[in-house]
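Asker: One structure follows; several queries about it will come next.
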Amino acid sequence: MLVMGLISGTSLDAIDAALVAIDVVDQQYILDLRAFTMVPFDAALRQRARQLMPPHSGSTVAVCETHVLLGEAFAAAAQQLAEQAGVPLSTVDLIASHGQTVYHQVAPGAPRSTLQLGAPAVIAERTGCTVVADFRLRDMAAGGEGAPLVPYLDWLLFADPGCARAVQNIGGIGNVTYLPAHGGYLAFDTGPGNVLIDEAVRLLSDGAQGYDRDGRLAAAGCVDEALLQEWLAHPFFQAAPPKSTGREQWGPGQARRYLEQARARGCTAADAIATLTALTARSIADAYRRFLGPVDEVLLCGGGARNPTLVRMIAAALPAARVRCVDDLGLNADAKEALAFALLGYATLHGWPANLPAATGAAHPVVLGSLTPGANYRRLIAQVSRAPVSAPRAARWHHPACKEQHHA
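Numbering (this note's numbering), first residue to last: 47 to 454.
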């Protein structure tokens, strides 16, 4: 089955789109990444979406309009990926779209809720494909936090009886999947990934720069250790898993407060970015020491894996572990989340639970997401009716000559 996975993360920089051939052989998923691209958002649409995220509160009109406009953007990304891969959209069996999270509420005292925009009906209409979307809410309905969900792929792909691994994604938010050598798993959000660094760079550059390219600004600064220790005392870092977080805690307001504190201590702009980068690295390492067992190897993925300064800081904070990128294992670190949602959509179509309750806190496994039928829906259902009743419990991937393209 040919499946597209689409996702835009907390950083709101681009739509990640992966085309994946998925098959099941001997109760094992076989994953073949055929093509991958990152399609930047139109500046006006990015600003619309940012205005709906905390600390902002958007109107019903703004939410409805942005939902449709993001659906158009995700559909366009799917069309662009198909053209890049050289395949007609009519041959794509399924599109799994995570959408764009604009709100994720799991704090005590309020109803757990989450909202991902990017209308699946628009995607289905523009592409003709059946679409799976809205992955997080069913886990929440079962008592979970709706996150993290990518550990399903991590558990299937990276468990190794000879090595205790921590698979660390560093997108806007950081999250880890811990895979002990003796089996089992634990997964949770570690805290800010790139989000505070990115927001601080935007504030310092009056919006002219969206991130610290190659970690150069952080590399030029000095970490304020006293300020870093103050930031590491944040209650989120002390809380035990399961736990998830987002821009509600680590958005532009928090970045502004941290910059003000850094200025008050006489830090330069480079010092402030260095200290925020160290916050991501040290909060990851502290989470491992607090909540994980032995870690032999850390596998990095997400945008933060492309920041050499951040990677060096993580390696320094975890001297007993080997720190490397999942690229070293033949899997594109940028594509992993989009690939994960392609797999989650495939599981949903087959009626297979794909949350990991020990990661999300759900009371039991559930089938994630909702379906919007496309022109191929009846054919898909006939195909699924011949599939096994239970989901595979392992996966492997080809090391493909993937047609990869980054759009500037």
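All C-beta atoms in this analysis are idealised placements derived from N, C-alpha and C, irrespective of residue type, glycine included.
Would you call the region 258 to 274 and the region 67 to 79 touching, i.e. three or more CB-CB distances under 8 Å?
Answerer: Flag = no, the region 258 to 274 and the region 67 to 79 do not touch.
Asker: Tell me the rounded alpha-carbon separation between Tyr-392 and Ile-68.
Answerer: The residue given as residue 392 occupies position 346 in the sequence shown. The residue given as residue 68 occupies position 22 in the sequence shown. Spanning the two alpha carbons is a distance of roughly 8 Å.
Asker: Which residues does DSSP list as the beta-bridge partners of Ile-141?
Answerer: If you number the sequence shown from 1, residue 141 lands on position 95. DSSP lists Met-50 and Val-177 as partners of Ile-141.
Asker: Bridge partners for Tyr-149 per DSSP, in chain order?
Answerer: The residue you call residue 149 lines up with position 103 of the sequence shown. Partner(s): Leu-161.
Asker: How about Leu-116 and Gly-164: are their beta carbons less than 7 Å apart?
Answerer: Taking the sequence shown and counting its residues from 1, the one referred to as residue 116 is at position 70. Taking the sequence shown and counting its residues from 1, the one referred to as residue 164 is at position 118. Yes, these two residues count as a Cβ contact at 7 Å.
Asker: Report buried or exposed for Ile-169, applying the criterion of at least 16 other Cβ atoms within 10 angstroms of its Cβ.
Answerer: Locating residue 169 in the sequence shown gives position 123, counting from the first residue. Answer is buried; the Cβ neighbour count reaches 16.
Asker: Just confirm the distance between the C-beta atoms of Leu-325 and Phe-181, as a whole number of angstroms; I'd bet it's less than 8 Å.
Answerer: What you label residue 325 is simply residue 279 of the sequence shown in a count that begins at 1. What you label residue 181 is simply residue 135 of the sequence shown in a count that begins at 1. Actually they do not touch by this definition, with Cβ atoms about 29 Å apart.
Asker: With a 10 Å radius around its C-beta and 16 neighbouring C-beta atoms as the bar for buried, classify Glu-245 as buried or exposed.
Answerer: Numbered from 1 along the sequence shown, position 199 holds the residue referred to as residue 245. Looking at its Cβ environment, which holds 16 or more other Cβ atoms inside 10 Å, Glu-245 is buried.
Asker: If you compare alpha carbons, which of Ala-210, Pro-194, Pro-298 and Leu-242 is closest to Asp-235?
Answerer: Here residue 235 corresponds to residue number 189 of the sequence shown, with the count starting at 1. It is Pro-194.
Asker: If you scan the region 214 to 260 from start to end, which runs of the beta strand (DSSP E) of 3 or more residues do you find wholly inside it?
Answerer: List check, beta strand (DSSP E) in window: 219 to 225 and 232 to 238.
Asker: Could you pull the DSSP bridge partners for Val-70 from this structure?
Answerer: Within the sequence shown, the letter at position 24 stands for residue 70. The partner list for Val-70 (beta bridge, DSSP) reads Tyr-75.
Asker: Please report the Cβ distance between Ala-384 and Ala-63, rounded to the nearest whole angstrom; I am assuming they are in contact, meaning their Cβ atoms lie under 8 Å.
Answerer: Counted from its first residue, the sequence shown places residue 384 at position 338. Counted from its first residue, the sequence shown places residue 63 at position 17. With 8 Å as the limit, Ala-384 and Ala-63 qualify as a contact, their Cβ atoms being about 6 Å apart.
Asker: Alpha carbon to alpha carbon, how far is Ala-363 from Gly-218?
Answerer: For the purposes of this step, residue 363 is identified with residue 317 of the sequence shown, where counting begins at 1. For the purposes of this step, residue 218 is identified with residue 172 of the sequence shown, where counting begins at 1. Roughly 20 Å between the two C-alpha positions.
Asker: How about the region 290 to 305 and the region 136 to 156: do they share at least three Cβ pairs that are nearer than 8 Å?
Answerer: In short, these stretches touch, since the Cβ pair count reaches three.
Asker: Curious, which full-length alpha helix (DSSP H) runs of at least 4 residues does the region 310 to 374 contain?
Answerer: Segments of the alpha helix (DSSP H) lying fully in the region 310 to 374: 315 to 337 and 354 to 363.
Asker: Mapping DSSP to helix, strand and coil, what is Ala-447?
Answerer: The residue labelled residue 447 in the question sits at position 401 within the sequence shown. No answer about Ala-447 holds up, because its pLDDT of 49 lies below 50 and its placement is not dependable.
Asker: The beta strand (DSSP E) that contains Thr-418, what's its start and end?
Answerer: Residue mapping note: residue 418 aligns to position 372 of the sequence shown, counting from 1. Per DSSP, Thr-418 belongs to the beta strand (DSSP E) from 416 to 418.
Asker: Figure out for me which residue from Ala-400, Gly-348 and Val-133 has the closest Cα to the Cα of Asp-59.
Answerer: Within the sequence shown, numbered from 1, the residue matching residue 59 stands at position 13. Taking only the C-alpha atoms, the option nearest Asp-59 is Gly-348.
Asker: When you compare the CB positions of Gln-48 and Asp-139, do they come within less than 7 Å of one another, or not?
Answerer: By 1-based counting over the sequence shown, the position of residue 48 is 2. By 1-based counting over the sequence shown, the position of residue 139 is 93. Note that residue 48 is Leu in the sequence shown, not Gln. The answer is yes: Cβ separation under 7 Å.
Asker: Reducing DSSP to helix, strand and coil, say where Leu-211 ends up.
Answerer: Sequence index remark: in the sequence shown, residue 211 carries index 165 (1-based). Looking at the sequence provided, one finds Arg at residue 211 rather than Leu. The answer is strand: DSSP assigns Arg-211 an E or B state.
Asker: Whole-angstrom Cβ separation of Val-42 and Leu-417, contact assumed at under 8 Å?
Answerer: Here the chain comprises residues numbered 47 to 454, so residue 42 is not present and cannot be evaluated.
Asker: Taking the alpha-carbon positions, what's the Ala-310 to Leu-242 distance?
Answerer: Indexing the sequence shown from 1 puts residue 310 at position 264. Indexing the sequence shown from 1 puts residue 242 at position 196. Each residue's Cα considered, the two are about 18 Å apart.
Asker: As a quick exercise: from Trp-398, Glu-343 and Ala-264, pick the residue whose alpha carbon is nearest that of Ala-437.
Answerer: Counting from 1 along the sequence shown, the entry for residue 437 is found at position 391. Looking at the Cα atoms, Trp-398 is the closest of the given residues.
Asker: Between which two residues does the alpha helix (DSSP H) carrying Leu-91 extend?
Answerer: For the purposes of this step, residue 91 is identified with residue 45 of the sequence shown, where counting begins at 1. Its alpha helix (DSSP H) spans residues 89 to 96.
Asker: Could you name the residues that DSSP lists as bridge partners for Asp-206?
Answerer: Looking up residue 206 in the sequence shown gives position 160. Per DSSP, Cys-209.
Asker: By how many angstroms is the C-alpha of Pro-281 removed from the C-alpha of Tyr-304?
Answerer: As a first step, residue 304 must be located in the sequence shown, where it is residue number 258. As a first step, residue 281 must be located in the sequence shown, where it is residue number 235. Approximately 16 Å, taken between the alpha carbons.
Asker: With distances taken from CA atoms, which of Asp-88, Ala-212, Ile-141 and Phe-120 is nearest Leu-65?
Answerer: As a first step, residue 65 must be located in the sequence shown, where it is residue number 19. Checked all of Asp-88, Ala-212, Ile-141 and Phe-120; the closest Cα to Leu-65 is Ile-141.
Asker: For Ala-320, I'd like the list of residues in its chain whose CB is within less than 7 Å of its CB, leaving aside the five on either flank, ordered along the chain.
Answerer: Numbered from 1 along the sequence shown, position 274 holds the residue referred to as residue 320. Once the five neighbours on either side are set aside, the close Cβ partners of Ala-320 are Ala-264, Gly-267, Cys-268 and Val-269.
Asker: Can you list, in chain order, the residues of its chain whose CB lies under 6 Å from that of His-452, leaving out five sequence neighbours each side?
Answerer: On the sequence shown, residue 452 is found 406 positions in, with the first residue counted as 1. Model confidence at His-452 stands at a pLDDT of 41, short of 50, so the residue's coordinates are unreliable and nothing is read from them.
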